[in-house]
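**Student:**
Number of protein chains: 2
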Amino acid sequence: MITTPTLLLDEQICRSNIKRMAEKARRNNITLRPHFKTHQSHEIGNWFRDEGTEKITVSSLRMADYFMNDGWKDILVAFPVNILEMETINNLAKRIRLSLLVESVEIVRLLQERLRSDVSVYIKVDVGLHRTGVSWDDHETISEILNEIKRMDNISFGGFLTHAGHSYNSRSITGIQNVHNESTSRMVSLRKQFFGGNPGLIISVGDTPTCSAVEDFSMVDEIRPGNYVFYDYSQVIIGSCSPQQIAVVMACPVVAVHRERNEIVIYGGSVHFAKDNITDTDGITIFGKVVRNNESGWGEIIEGSSLKSISQEHGVVSVPEDVINEFKPGDIIKIFPVHSCTTANLMKGYQTITGRRISMMQSYV
Amino acid sequence: MITTPTLLLDEQICRSNIKRMAEKARRNNITLRPHFKTHQSHEIGNWFRDEGTEKITVSSLRMADYFMNDGWKDILVAFPVNILEMETINNLAKRIRLSLLVESVEIVRLLQERLRSDVSVYIKVDVGLHRTGVSWDDHETISEILNEIKRMDNISFGGFLTHAGHSYNSRSITGIQNVHNESTSRMVSLRKQFFGGNPGLIISVGDTPTCSAVEDFSMVDEIRPGNYVFYDYSQVIIGSCSPQQIAVVMACPVVAVHRERNEIVIYGGSVHFAKDNITDTDGITIFGKVVRNNESGWGEIIEGSSLKSISQEHGVVSVPEDVINEFKPGDIIKIFPVHSCTTANLMKGYQTITGRRISMMQSYV
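Which chain is which? The protein sequence lines are A and B, in order. Residue numbering for the first sequence follows the working numbering, beginning at 1 and increasing consecutively. Residue numbering for the second sequence follows the working numbering, beginning at 1 and increasing consecutively.
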């Protein structure tokens with residue numbers, strides 16, 4: 001029985017999402033290196049193994065360690081090298097094929113000085129997001145880094161990697177496709193520039209919107225989507241998935257109903273959902289979208305509903321007038337999260353719709 | 001040595017914050033029932049005991065249980081009764097003086113039906129935030145709830161409680177004072193209406209901005225601020241505290257420096273800071289404010305700096321041109337969080353500036 005905010009997982013939808021992406025990668029004859037930061041769970045990781053996944057991406061060294069301990073042997077840490085964690089890097093590099101991201105000559109040198117085992121490095125390329133990485137047209141810096149890597153004993157070049165995160169600003173499949181075409185052509189031009197189009201060299205791209213919406217990945221070698229394991233309401237708005245493909249909902253107790261303003265107060269706030277929000281199709285900023293409750297999981301979106309505001313522990317849900325009388329204190333209301341990655345990270349565990357608990361990586365203590 | 005994002009705590013500043021509020025409550029001859037949702041820590045709770053605190057506020061039954069287990073005997077759960085957790089409510093009510101919030105006749109009845117021990121209830125009053133509670137001028141509903149409480153064996157009336165959270169929209173002490181004056185006069189009018197101004201009846205108010213900025217609390221009986229234990233950069237902007245009163249900073253590894261755009265990439269993202277943001281004095285939305293690093297803690301704010309954007313694990317810091325050369329990969333950068341409550345909730349522990357770990361309540365597992 002659910003008595004507090006709970007992250008419900010539909011295993012069947014989740015496994016379908018995992019399978020669909022694995023099949024797309026196989027059709028394109030490219031490597032799928034899924035990002036495990038979304039689910040952070042040994043058990044869900046095994047569902048990827050069932051679809052043939054052997055290489056994975058994580059967002060921290062701690063997460064690499066967590067998955068190494070479950071037998072994963074080829075892990076990319078898609079985060080700039082944190083030189084302060086060399087002890088962890090060396091521990092990982094000794095035991096698995098570890099790939100890291102570099103974006104400066106300085107970091108390659110610091111890394112080589114302190115490495116005690118071999119690692120592979122990808123050069124992080126900025127194709128337009130302007131967050132991290134060397135700009136795709138800064139051939140001078142890229143050339144310097146490549147030369148530095150060649151001189152190093154413990155460091156081999158793994159390829160060019162980018163994250164076209166600006167695909168998240170798209171609101172249609174065409175928009176996503178445009179971001180993908182631009183970023184891929186920039187990556188391919190780099191391969192041509194430095195390796196004459198050597199097809200053995202890895203171009204690694206991928207985020208959930210492009211990997212979901214685009215069918216043809218013939219120009220790249222590796223994709224690294226993560227969020228698609230669950231999807232969420234943002235991905236519906238972006239155009240990456242249908243509501244039927246969302247594999248998680250937050251199940252929250254109703255604690256008060258304000259019929260005079262068609263609002264429901266729920267136990268479920270920013271410490272459960274996180275504070276991610278998105279502009280809904282009607283122009284309103286929301287923190288979640290209400291779905292029909294049913295015994296075996298959840299149903300359709302309740303049109304016109306929203307999780308309109310959240311505090312630390314509670315949230316306020318707005319529903320249309322003709323729906324408000326369906327809710328009373330003591331009920332469970334089910335809500336699609338806006339961003340499943342940050343929601344899962346806060347909830348620290350799942351409950352399947354059949355009532356089974358699934359654990360995930362825990363916090364620092 | 002700090003190698004990953006770490007929440008640093010200056011015990012001396014923290015204890016001064018705790019002491020200052022305790023003294024203000026004593027001067028006003030009112031009860032201070034501090035909200036413990038900000039720190040969520042047994043050890044920091046003891047620092048309040050050192051200043052005479054015996055009654056506390058928490059935001060969930062789970063948190064009440066956590067603090068009951070450290071010997072706290074008078075706990076208010078400042079959250080609407082969640083009838084699905086009656087087992088926990090009964091366990092708590094058996095062992096401590098438990099106070100709960102009600103805002104409808106329906107909930108009072110459901111509570112009475114299932115209670116096995118005595119509880120005290122406050123009626124939650126909405127003085128303008130329109131999140132939860134009975135509107136302050138809805139005398140009919142308040143009267144009905146009071147009558148219902150009178151008929152119940154296990155439920156006693158504790159008082160009227162409000163949270164004037166719209167004080168958070170203030171940007172000056174005068175602004176905060178105005179919110180306080182309006183909300184307090186509304187609460188006092190309720191006391192007069194129903195109890196002829198009986199001074200024994202509790203009017204409980206309080207949030208960090210009003211409790212910090214206002215000196216005269218003679219019209220109320222109890223205050224419940226929480227965030228002031230640490231404060232944060234939001235409270236500086238609101239006008240509740242000075243930067244010197246902020247007791248926590250995030251210490252984050254620098255992983256890349258982009259001198260061409262005066263930006264620093266840090267290991268520290270939304271899974272560490274949370275995604276709370278605020279409009280800074282220069283009109284820019286920020287997720288944190290950089291301070292000078294020093295060996296024994298931290299120093300002044302670096303004017304013109306900001307944590308300008310955050311992803312799941314990393315953040316981008318912007319600093320003025322004349323400061324960028326002070327930073328290189330492998331350094332630690334220190335940043336005031338925008339909202340210390342949600343940052344602490346994610347970090348799940350503290351490190352004092354003398355290097356000692358302080359634990360806090362852990363996640364559901």
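Heads up, the beta-carbon is just placed ideally off N, CA and C, and yes, glycines get one too.
How is the alpha helix (DSSP H) around Gly45 of chain A delimited, first residue to last?
**Tutor:** Here residue 45 of chain A refers to the residue found at position 45 when the first sequence is read from its first residue. First-last of the alpha helix (DSSP H) with Gly45 of chain A: 42–49.
**Student:** Helix, strand or coil for Arg116 of chain A, going by three-state DSSP, please let me know.
**Tutor:** Here residue 116 of chain A corresponds to residue number 116 of the first sequence, with the count starting at 1. In this structure, Arg116 of chain A counts as coil in the three-state DSSP scheme.
**Student:** So which residues of chain A does Glu103 of chain B contact, with C-beta pairs closer than 8 Å?
**Tutor:** In the second sequence, residue 103 of chain B corresponds to position 103, counting from 1. In chain order: Ala256.
**Student:** Return the chain-ordered list of same chain residues with a C-beta closer than 6 Å to the C-beta of Cys252 of chain A, the five sequence neighbours on each side being excluded.
**Tutor:** Taking the first residue of the first sequence as 1, we reach residue 252 of chain A at position 252. Counting only Cβ-Cβ distances below 6 Å, and skipping sequence neighbours, we find Pro5, Ile266, Tyr267, Gly268, Ile333.
**Student:** Below 8 Å on the Cβ atoms is my guess for Ala274 of chain B versus Thr342 of chain B; work out the distance and round it to an integer in Å.
**Tutor:** By 1-based counting over the second sequence, the position of residue 274 of chain B is 274. By 1-based counting over the second sequence, the position of residue 342 of chain B is 342. Right, their Cβ atoms sit about 4 Å apart.
**Student:** Would Glu103 of chain B and Ala256 of chain A qualify as a contact pair, given that the criterion is a beta-carbon distance under 8 Å?
**Tutor:** The sequence position of residue 103 of chain B within the second sequence is 103, counting from 1. The sequence position of residue 256 of chain A within the first sequence is 256, counting from 1. It is a contact, given that the beta carbons lie within the stated cut-off.
**Student:** When we look at the beta-carbon of Gly71 of chain B and count the other beta-carbons within 10 Å, is it buried (16 or more) or exposed?
**Tutor:** Stepping through the second sequence from its first residue, residue 71 of chain B is reached at position 71. Exposed: under 16 other Cβ atoms inside 10 Å.
**Student:** If contact means a Cβ-Cβ distance below 8 Å, which residues of the stretch 299–330 of chain A contact chain B?
**Tutor:** Within the stretch 299–330 of chain A, the residues whose Cβ lies closer than 8 Å to some Cβ of chain B are Ser309, Ser311, Gln312, Glu313, His314, Val316, Lys328, Pro329, Gly330, listed in chain order.
**Student:** Under 8 Å, do Leu7 of chain A and Tyr350 of chain A count as touching if we go by C-beta distance?
**Tutor:** What you label residue 7 of chain A is simply residue 7 of the first sequence in a count that begins at 1. What you label residue 350 of chain A is simply residue 350 of the first sequence in a count that begins at 1. Closer than 8 Å, so yes.
**Student:** Where does Asn345 of chain A land, buried or exposed, given buried means 16+ other C-beta within 10 angstroms?
**Tutor:** Position 345 of the first sequence, counted from the start, is the residue given in the question as residue 345 of chain A. Flag for Asn345 of chain A reads buried.
**Student:** Taking the beta carbon of Lys150 of chain A as the centre, do at least 16 other beta carbons fall within 10 Å, making it buried, or is it exposed?
**Tutor:** Within the first sequence, residue 150 of chain A is the residue found at index 150, counting from 1. So Lys150 of chain A counts as exposed.
**Student:** Please report the distance separating the alpha-carbon of Leu92 of chain B from that of Asn227 of chain B.
**Tutor:** Your numbering for residue 92 of chain B matches position 92 in the second sequence. Your numbering for residue 227 of chain B matches position 227 in the second sequence. Those two C-alpha atoms are separated by around 25 Å.
**Student:** With a threshold of 16 other CB atoms inside 10 Å of the CB of Asp216 of chain A, please say whether the residue is buried or exposed.
**Tutor:** For the purposes of this step, residue 216 of chain A is identified with residue 216 of the first sequence, where counting begins at 1. Classification of Asp216 of chain A: exposed, given that the 10 Å Cβ count is below 16.
**Student:** Consider the Cβ of Ala274 of chain A: report whether some Cβ of chain B lies at a distance smaller than 8 Å.
**Tutor:** Here residue 274 of chain A is taken as the residue at index 274 of the first sequence, counted from 1. It does; some Cβ of chain B falls within 8 Å.
**Student:** For a quick check, are the C-beta atoms of Ala247 of chain B and Val205 of chain B less than 8 Å apart?
**Tutor:** The count along the second sequence starts at 1 and reaches residue 247 of chain B at position 247. The count along the second sequence starts at 1 and reaches residue 205 of chain B at position 205. No, these two residues do not count as a Cβ contact at 8 Å.
**Student:** Got a sec: which bits of the stretch 263–293 of chain A sit with their beta carbon under 7 Å from any beta carbon on chain B, in order along the chain?
**Tutor:** Residues passing the 7 Å Cβ filter: Val265, Tyr267, Ser270, Val271, Ala274, Lys275, Asp276.
**Student:** Hey, out of A:Phe194, A:Gln193, A:Ser167, whose CA is closest to Asn181 of chain A's CA?
**Tutor:** Position 181 of the first sequence, counting from 1, holds the residue named residue 181 of chain A. Per the Cα distances, A:Ser167.
**Student:** Let me know the secondary structure DSSP gives Lys94 of chain B once reduced to three states.
**Tutor:** Counting from 1 along the second sequence, the entry for residue 94 of chain B is found at position 94. Helix at Lys94 of chain B.
**Student:** Assign Ala164 of chain A to one of three DSSP states: helix, strand, or coil.
**Tutor:** The residue given as residue 164 of chain A occupies position 164 in the first sequence. Of the three classes helix, strand and coil, the one that applies to Ala164 of chain A here is coil, per DSSP.
**Student:** State the Cα-Cα distance for the pair Gly299 of chain A and Phe327 of chain A, rounded to the nearest angstrom.
**Tutor:** Position 299 of the first sequence, counting from 1, holds the residue named residue 299 of chain A. Position 327 of the first sequence, counting from 1, holds the residue named residue 327 of chain A. About 16 Å.
**Student:** Check whether the stretch 40–56 of chain B and the stretch 16–27 of chain B are in contact - that is, three or more C-beta pairs closer than 8 Å.
**Tutor:** Touching, yes, given that three or more Cβ pairs across the two stretches are closer than 8 Å.
**Student:** Strictly below 7 Å CB to CB, what residues from chain A border Thr3 of chain B?
**Tutor:** Residue numbering aside, residue 3 of chain B sits at position 3 when the second sequence is read from its first letter. Those within 7 Å of Thr3 of chain B in chain A are Leu84, Glu85.
**Student:** Which value, in whole angstroms, describes the spacing of the CA atoms of Leu9 of chain A and Gln244 of chain A?
**Tutor:** Counting from 1 along the first sequence, the entry for residue 9 of chain A is found at position 9. Counting from 1 along the first sequence, the entry for residue 244 of chain A is found at position 244. One C-alpha to the other measures close to 13 Å.
**Student:** Only counting the same chain, and skipping five residues up and downstream in sequence, which positions put a Cβ closer than 6 Å to that of Arg114 of chain B?
**Tutor:** Within the second sequence, numbered from 1, the residue matching residue 114 of chain B stands at position 114. Excluding residues within five positions, the ones whose Cβ falls inside 6 Å are Met86.
**Student:** Could you name the residues that DSSP lists as bridge partners for Lys124 of chain B?
**Tutor:** Position 124 of the second sequence holds residue 124 of chain B. According to DSSP, which records beta bridges pairwise, Lys124 of chain B is partnered with B:Leu161.
**Student:** Indicate whether Val119 of chain A and Leu100 of chain A have their beta-carbon atoms separated by less than 8 Å.
**Tutor:** One-based indexing of the first sequence puts residue 119 of chain A at position 119. One-based indexing of the first sequence puts residue 100 of chain A at position 100. Contact: yes.
**Student:** Starting from Ala274 of chain B and walking both ways along the beta strand (DSSP E), at which residues does that stretch end?
**Tutor:** For the purposes of this step, residue 274 of chain B is taken as the residue at position 274 of the second sequence. That residue, Ala274 of chain B, is in no beta strand (DSSP E); it is neither H nor E in DSSP.
**Student:** Could you confirm whether any beta carbon from chain B is found closer than 8 Å to the beta carbon of Val125 of chain A?
**Tutor:** The residue given as residue 125 of chain A occupies position 125 in the first sequence. Chain B contact via Cβ: absent.
**Student:** In angstroms, rounded to a whole number, what distance separates the CA positions of Ile2 of chain A and Lys308 of chain B?
**Tutor:** Taking the first residue of the first sequence as 1, we reach residue 2 of chain A at position 2. Taking the first residue of the second sequence as 1, we reach residue 308 of chain B at position 308. Taking the straight line joining both Cα atoms gives about 38 Å.
**Student:** Should Glu148 of chain A go down as buried or exposed, given a rule of 16 or more other Cβ atoms within 10 Å for buried?
**Tutor:** As a working mapping, residue 148 of chain A is identified with position 148 in the first sequence. Its Cβ being crowded by 16 or more others within 10 Å, Glu148 of chain A is buried.
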